[in-house]
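*Asks:* Sharing a structure here in structure tokens format.
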Amino acid sequence: MSKNMLYKLLGALVVLAAVVLWLLGVLMPESFGFFNLAWAGVLLCGGLGVIMLIQGLFQKNISTIKKLKIWFGAGLLIGALLCLVSAIALPGSIILPIIAIILAFGLVLTIFATGGARWDEGDNGKAGYKNYHERKAEEEKQQNQD
């Protein structure tokens, strides 16, 4: 099984678990009554956010795509936090600092996942790179020696 299929399967299972629990909360309020739409949002956003973070950290990909997946994952975790606020009524003064912590954590993960590489880093940033004129001069020198 490929890694992409594993991530997609995990995402589908998170969505399935959230909607089944939500349905059980509606159909059997005596045992699953606590599980409402806000808790379904927490489960959806949190689960998919964690999957996106893991994808951004461990997939071999272009650094821009890795950063994008990590930022989407952080955004989904912020969405999970907002749903959690609705579900358990956290005090309003604590929400913004937690959002700032999630964003800072996303920044640290993007640097960790990409190794600090910029998206437009080309061959000229690598050690021993020779530009066109240097390569041409070497070719002419080689031809003159022959």
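Residue numbers (the working numbering): 6 to 151.
Every residue, glycine too, gets a C-beta built ideally from N, C-alpha and C.
#1: Taking the C-alpha atoms as reference points, what is the distance between Thr-69 and Val-113?
#2: How big is the Cα-Cα spacing for Gly-46 and Lys-71?
#3: Would you call the CB atoms of Leu-82 and Ile-107 closer than 8 Å?
#4: Suppose you measure from the CA of Leu-49 to the CA of Gly-120; what does that come to, to the nearest Å?
#5: Quick one: is Met-10 buried, meaning 16 or more other Cβ sit within 10 Å of its Cβ, or exposed?
#6: Using the Cα positions of Leu-28 and Pro-34, report the straight-line distance between them to the nearest angstrom.
#7: Quick one: residues in its chain with C-beta nearer than 7 Å to the C-beta of Gly-52, no 5 flanking neighbours on either side, listed in chain order?
#8: Note the first and the last residue of the continuous alpha helix (DSSP H) segment covering Gly-4.
#9: Within 10 angstroms of the Cβ of Leu-3, are there 16 or more other Cβ atoms? Answer buried if so, exposed if not.
#10: I'd like to check one pair, Ala-92 with Ala-43: are the Cβ atoms closer than 8 Å?
#11: Could you give the residue range of the alpha helix (DSSP H) that holds Met-33?
#12: How many Å lie between Gly-80 and Ile-100 at the Cα?
#13: Tell me whether Ala-17 is buried or exposed, calling it buried when 16 or more other Cβ atoms sit within 10 Å of its Cβ.
#14: Rounded to whole angstroms, what is the Cα-Cα separation between Pro-102 and Ala-118?
#15: Pull up the distance between the alpha-carbon of Ala-23 and that of Gly-61, whole angstroms please.
*Replies:* Let me lay it out:
#1: 15 Å
#2: 24 Å
#3: yes
#4: 29 Å
#5: exposed
#6: 10 Å
#7: Val-19
#8: Residue 4 lies beyond the residue range present for the chain, which begins at 6 and ends at 151; the question has no answer from this structure.
#9: Any question about residue 3 goes unanswered here, given that the chain covers just 6 to 151.
#10: yes
#11: Per DSSP, Met-33 belongs to no alpha helix (DSSP H) and is neither H nor E.
#12: 14 Å
#13: exposed
#14: 24 Å
#15: 23 Å
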